Ligand code: UDP
């Protein structure tokens, strides 16, 4: 059994076979509202691992450097050990969630330009939104790193939008995390229906964690649909 270094809300981080790597294990636990709502959904770990691994493979093929070294099994992946930047990058193509609530814009409203936001990665504080001068003032990242994260996030957005469009899915918004690795920033953490809003392009049906947050039912049905469509478009 691997040595558990940290157990998070949806993943367990274990020591890797050497000092430069870690093993990520995806759990079945679903959480929302900063852990207030919590439930075990049997099979979620496997689905998120498969979806994230597909997306990471696609991004790597398109020249985005990521933490993924190797898929180990259905719920585990070997990843590069990076020094995680303690800010999350949120990318929005359409209004939804906290953006819709805060600015009074109906969900699904297209935005005139892609929005990027940062939030402080701190569960105890509820991941508050933070601006660039606040980030540099607190020493969480420097200006060059901020520019690099924004540039990478927009590049990832372009690639993911193109892939999801082929799959008949509208990428509404998503969250990314980055880590410092050998003097560069690499993409870390998962990209899955837990961290993205994904709507069916025709019906606008939600295929992501909003099903869990909002008690819309059959949470994993949405995740399964995303995986099925990704596998379809990735095969051709
Ligand atoms: N998100 C995430 N982790 C967080 C906060 C947000 O993965 O801690 C994702 C969320 O799933 C959505 C996007 O980032 O795809 C934007 O989330 P938003 O700011 O609208 O917050 P929410 O409505 O989830 O509170």
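Residue numbers (our numbering): -11 to 224. Note that the Cβ used here is the ideal one computed from N, Cα and C, for glycine as well. Everything numeric in this text was worked out from a predicted model, so none of it was measured.
The ligand UDP approaches residue 85 closely enough that one of its heavy atoms is under 7 Å from the residue's Cβ. The closest heavy atom of the ligand UDP lies less than 7 Å from the beta carbon of residue 163.
With contacts defined by Cβ atoms closer than 8 Å, residue 160 and residue 187 form a contacting pair. Classified as exposed, residue 116 has fewer than 16 neighbouring CB atoms from the shown chains inside 10 Å of its CB. Taking the Cβ of residue -2 as the reference point, every heavy atom of the ligand UDP lies at 7 Å or farther away. Of the candidates 47, 55, 23 and 28, 55 places its Cα closest to the Cα of residue 4. Judged by DSSP in its simplified three-state form, residue 179 adopts coil rather than helix or strand. Short note on residue 76: C-beta closer than 7 Å to some heavy atom of the ligand UDP. In this structure, the ligand UDP has a non-hydrogen atom nearer than 7 Å to the beta-carbon of residue 115. With a threshold of 7 Å, the Cβ atom of residue 197 counts as near the ligand UDP, since some heavy atom of the ligand is closer than that.
Distances taken from the Cβ of residue 158 to the heavy atoms of the ligand UDP include none shorter than 7 Å. Under the 8 Å Cβ criterion, the stretch 37 to 54 counts as touching the stretch 171 to 184, having at least three qualifying pairs. Looking at 32, 142, 19 and 85, the one whose alpha-carbon comes closest to that of residue 79 is 142. Straight-line measurement puts the Cα of residue 212 at about 14 Å from the Cα of residue 193. In this structure, residue 172 has its beta carbon at no less than 7 Å from each heavy atom of the ligand UDP. Residue 130 and residue 144 have their alpha carbons spaced roughly 21 Å apart. With respect to residue 35, residue 208 sits close: the two C-beta atoms are nearer than 8 Å. Judged by their CB atoms, residue 0 and residue 68 are not nearer to each other than the 8 Å cut-off. Rounded to whole angstroms, the separation of the alpha carbons of residue 93 and residue 87 is 8 Å. Taking non-hydrogen atoms of the ligand UDP into account, the C-beta of residue 40 is found less than 7 Å away from none of them. Counting along the chain, residue 192 sits inside no alpha helix (DSSP H), nor does DSSP assign it H or E at all.
Annotated three-state conformation of residue 124 is helix, per DSSP.
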